[in-house]
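For the sequence shown, my numbering gives the first residue as 161, with consecutive numbering after it. Note that the Cβ used here is the ideal one computed from N, Cα and C, for glycine as well. Written out below as structure tokens is the structure these notes cover.
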Amino acid sequence: MDPDLVAVLRCPVCADALALTGRTARCAQGHAYDLAKQGYLNLLPSASNGIEGDSAGMIGARTVFLGGGHYAPIRDALILRAAEYLQPDSDELVVEVGAGTGYYLSGVTGRSRPGLALDVSRYAARRAAKVDPRIGSVVCDAWRELPVVDGAAQVVLNVFAPRNATEMARILRPDGVLLVVTPNPEHLEELIGVLGMVSVDQDKERRLQDALGGTFVETGREVIAEPMRLDRTAVEQLVLMTPSARHIPPHELATRVSVLPEPTIATLSVTLTTWHPRPVL
């Protein structure tokens, strides 16, 4: 991991800044964290040990599905929106909370600016660490203090991921922006009932406003919707990359997918909202 990226991280124990010496990140208090051989840094606090993040199978399925370009419209929309808040050829930092494989983050950073991929899954961290040398991959708990120094990020991304408003606001610059992607009720509606997938919470919009409205001000929104043409392999990988994979036995999933037409048409429908930190009075 680039030493400059480690320099914007902070110790999960004492919140002091970290510095990289060799393959060890260390704070002034002497707390030390070794880089994993796969290139990521584990800054998960001891209180969060045992939390179940995405499994190796889920991350593998996500890599295959996203590699097929099926969610490219989401990535493209994030790239365009983030570009409105990033200076060309600058080193402004982009952070993704719940980054998974780093698919969206790498699109926004575009191999020209630094990024931090934060995720509780070590399997996700391993994958994100390989995406781009300018992206640092860190294991952490999104519901606790993020291991990033105050005001480090110009853009924070949050795509289908937990939202800790206080911490996301803390790591943003005063003029920074939070970009959030949430599924709409129509998202994957053709597959949910047939395959037994977890459905979209009909109260998701209210919960989003409750989670962010006290800390951020919503300044824009965009609906991204279009049909996807998926073969059976893509449908199976789509299910396996989501929490639905934990609720459907593999043999049942294979049986249900086998009777689908090929290609199967499934609706991609999400909303991209833009948020700025609420001014402190």
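Assigned secondary structure, residue 279 (DSSP; H/G/I helix, E/B strand, else coil): strand
State buried or exposed for residue 411, treating a residue as buried only when at least 16 other CB atoms are found within 10 Å of its CB. exposed
Ordered along the chain, which non-local residues of its own chain (more than five positions away) have a Cβ less than 8 Å from that of residue 346? 385, 427, 429
Starting from the Cα of residue 363, find the closest Cα among 204, 342, 379 and give me that residue. 342
Own chain residues within Cβ distance below 6 Å of residue 417, not counting five before or after: 392, 395, 396
Near residue 294, what residues of its chain come up, given a Cβ to Cβ distance below 6 Å and the 5 sequence neighbours on each side ignored? 274
So, helix, strand or coil for residue 375, using DSSP? coil
Span separating the alpha-carbon of residue 308 from that of residue 169: 4 Å
Taking 7 Å as the cut-off, is the C-beta of residue 250 nearer than that to any heavy atom in the ligand ZN? This structure does not include the ligand ZN; it has no bound ligands of any sort.
Please report the distance separating the alpha-carbon of residue 314 from that of residue 283. 26 Å
Report the three-state DSSP secondary structure of residue 397 (helix, strand or coil). helix
DSSP three-state label for residue 198, please. coil
Can you list, in chain order, the residues of its chain whose CB lies under 6 Å from that of residue 296, leaving out five sequence neighbours each side? 161, 165, 276
For residue 299, tell me which candidate among 189, 212, 361 has the shortest Cα-Cα distance. 212
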